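What follows is one structure encoded as structure tokens, with my remarks underneath.
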């Protein structure tokens, strides 16, 4: 893998096209991440269609840059205007915005950029070390293990989604059903197509994700009250004070390690990692009682954890084919569009591609530092763009982007339909992310479920007789039953009253 | 994580259950209306109807559970009168209009062309939303809308139609 890493790295570094793509992805990632109302997932979903005409390597270089840079972008808005651009930046605003109010916005951005970069590099190293080992272990997996791992991934993703686990699971089931629309791959029998040719080729991932994560957010923005131009603070010099950064090295390393480990747990996500890191730093810091007033440790630790999560979240995606969060779900969609199926076989069959993911992430981290320092003032200026301009442009991007994948107007109608569905689900407090996971993981689940039953001659015991499959099944059932028991308990006490 | 710890009201439970029930009814109708899915000629392969049946059963039971919980909670808290439905519909009016205008927009792109149609869509909505955002005068809003439209439509045209060659409009 090391040989492949360096050979791909030299190929990318000497290719102006790939370097340019990475630079463009980084700039767009920071920009979209820092614009309030555009999350990293939305940025990835909107920009995914652009990569359709690219080679898999070029697409990965571009998308990894958007992915990684948007995480830092999300911190800019959290620090400067107290609006986290990504879920992982929720904690950043606590100390970051306090520093901004204190006239130390530049200092906060410097800490954020340095910690993010170091966190990202640590996450990448952990990804490079752990992923081959997990992939090797996963090589022992057969259809029953894969089927149950997919079920486990779906239930965990529903469990970790904000809101109700129960509703998350039902949302995931809708995703599974959407994934079954069109011809069955084994028997060629049409399903859920309602006799229309438009649905026979299935529901594409891009129209669905663009609708759910892009257009639905536009609807929410319109509903929630459109904001005018925002005021942003003036920035001083963004020259890093190495002495100040040096004093934080332990904090940054702790946050990085935590972020990478938590990020690697399927569905744990960056929001959990930053919360744990913040709590830990509060405990370790001599100024723990002053947290919330602009203490650098409270900013640097979670920021490192947030970016280390990027590498960590790629572990389950690359090795098991299970996205760790919504962002990696969209990335997985990109891989599938380019004919690459993440999982242990990817390591065996396409080590060059796996290495290119590492290189793309490394390059994105380096370029985020460069563009972060050079262009942050311009990004901040763009943050003043009023919502009524942004929302309309995003809506048009959603339309053209979903059309661009197959040059098919049906995809645009599907995108609008899922935009409306996503909006309605949001209003009804039904999480939308599991729906996208269901669409992605549905075909994998069905293929492995049916294959397992064919192997076992129709016996469902195959999922109980194999230890790994059984473990996954037990964990999945626990994630399902636990909230239901809690609910029944609360309902019973309500009835008693 | 649980239902009630998230503080869902009975009407929210009921509405969410209804929404999911609509999905499950549509799914069952489609499944029942496809005789090819029910034939038993796939040998040891459980067939293409296995996962749809499992999924739809889970969805139907889940939807029923939410509707039932909503109904039960309404019985328990009969006094809790809220304007939930009215608020739900009122809040969705503007996004609904936006969705309808998007359908009109993409339908007319073929007739009018991408740039003029996008400009009309963009100017109209940037203006309406700008007015909605308040504290803007007519004279200050128009230049901003014009610049926004020029940059937005121009960028999309340049990237998607010119560079990538997407044949839209």
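Chains as they are written, first to last, in my numbering: chain A, 66 to 562; chain B, 1112 to 1280.
Ideal Cβ placement from N, Cα and C applies to all residues, glycine included.
These numbers were taken from a predicted model, which means no experiment stands behind them.
- The contact set of residue 1147 (chain B) on chain A, defined by CB atoms closer than 7 Å, consists of 254 in chain order.
- Listed in chain order, the alpha helix (DSSP H) runs fully inside the stretch 120-187 of chain A are 121-146 and 157-166, counting runs of at least 4 residues.
- Here residue 248 (chain A) carries a strand assignment [DSSP, helix/strand/coil].
- Under DSSP, residue 256 (chain A) forms a beta bridge with A:247.
- Neighbours of residue 251 (chain A) in chain B, taken as residues at a C-beta separation under 9 Å, are given in chain order as 1153, 1156, 1158 and 1159.
- Cβ-Cβ distances below 6 Å link residue 182 (chain A) to 430 and 434 in the same chain, with the five nearest sequence neighbours on each side left out; the list follows chain order.
- DSSP, read as helix, strand or coil, puts residue 97 (chain A) in helix.
- Around the C-beta of residue 526 (chain A), fewer than 16 other C-beta atoms lie within 10 Å, and the residue is accordingly described as exposed.
- Within 8 Å of the CB of residue 1278 (chain B), the CB atoms of chain A belong to 472, in sequence order along the chain.
- Residue 201 (chain A) carries a helical assignment under DSSP once its states are collapsed to helix, strand and coil.
- Think of a sphere of 9 Å around the beta carbon of residue 519 (chain A): the chain B residues whose beta carbon falls inside it are 1154, 1155, 1156 and 1157, in chain order.
- Along the stretch 472-503 of chain A, the positions whose C-beta sits under 8 Å from a C-beta of chain B are 472, 474, 477, 478, 481, 484, 485, 488, 489, 490, 492, 493, 494 and 495, read in chain order.
- Between residue 372 (chain A) and residue 244 (chain A), the CB-CB gap reaches or exceeds 7 Å.
- Between the beta-carbon of residue 1139 (chain B) and that of residue 1167 (chain B) there is about 6 Å, and that keeps the pair under the 8 Å contact cut.
- Residues 1228 and 1232 of the same chain have their beta carbon placed closer than 7 Å to that of residue 1216 (chain B), with the five preceding and five following residues left out of the count.
- Against chain A, the CB of residue 1132 (chain B) has no partner CB under 7 Å away; the residue lies outside that interface.
- A buried status is given to residue 1134 (chain B), since no fewer than 16 other beta-carbon atoms sit within 10 Å of its beta-carbon.
- The straight-line gap separating the alpha-carbon atoms of residue 470 (chain A) and residue 1278 (chain B) is approximately 11 Å.
- Taken in chain order, the unbroken stretches of alpha helix (DSSP H) that lie wholly in the stretch 445-475 of chain A and span 4 residues or more are 452-471.
- Judged by DSSP secondary structure, residue 271 (chain A) falls within the alpha helix (DSSP H) whose first and last residues are 270-274.
- Under the three-state reduction of DSSP, residue 384 (chain A) is assigned to helix.
- Think of a sphere of 9 Å around the beta carbon of residue 1271 (chain B): the chain A residues whose beta carbon falls inside it are 114, 115, 462, 465, 466, 468 and 469, in chain order.
- By the Cβ rule, the stretch 277-290 of chain A does not count as touching the stretch 142-150 of chain A, because fewer than three pairs are nearer than 8 Å.
- In the three-state reduction of the DSSP assignment, residue 531 (chain A) falls in the coil class.
- A straight-line Cα-Cα distance of about 50 Å links residue 1147 (chain B) and residue 427 (chain A).
- In this structure residue 477 (chain A) is in contact with residue 468 (chain A), their Cβ atoms being roughly 5 Å apart against a cut-off of 8 Å.
- The beta carbon of residue 326 (chain A) lies closer than 7 Å to those of 377 in the same chain, with the five residues before and after it left out.
- Here the alpha carbon of residue 1245 (chain B) sits roughly 10 Å from the alpha carbon of residue 1252 (chain B).
- Within 10 angstroms of the beta-carbon of residue 172 (chain A) lie 16 or more other beta-carbons, which makes it buried.
- Residues of chain A with a Cβ closer than 8 Å to the Cβ of residue 1119 (chain B) are, in chain order, 229 and 494.
- Proximity of residue 95 (chain A) to chain B, defined by a Cβ-Cβ separation below 7 Å, is not satisfied.
- Taken atom to atom, the span from the alpha-carbon of residue 233 (chain A) to that of residue 342 (chain A) is near 26 Å.
- In the three-state reduction of the DSSP assignment, residue 1149 (chain B) falls in the coil class.
- When the Cα atoms are used, residue 1172 (chain B) and residue 1186 (chain B) turn out to be separated by approximately 21 Å.
- Distance check between residue 1237 (chain B) and each of A:277, A:286, A:385 and A:549 places A:286 closest, using alpha-carbon atoms only.
- Selection A:460, A:400, A:515 and A:520 evaluated against residue 107 (chain A) yields A:460 as nearest (Cα-Cα).
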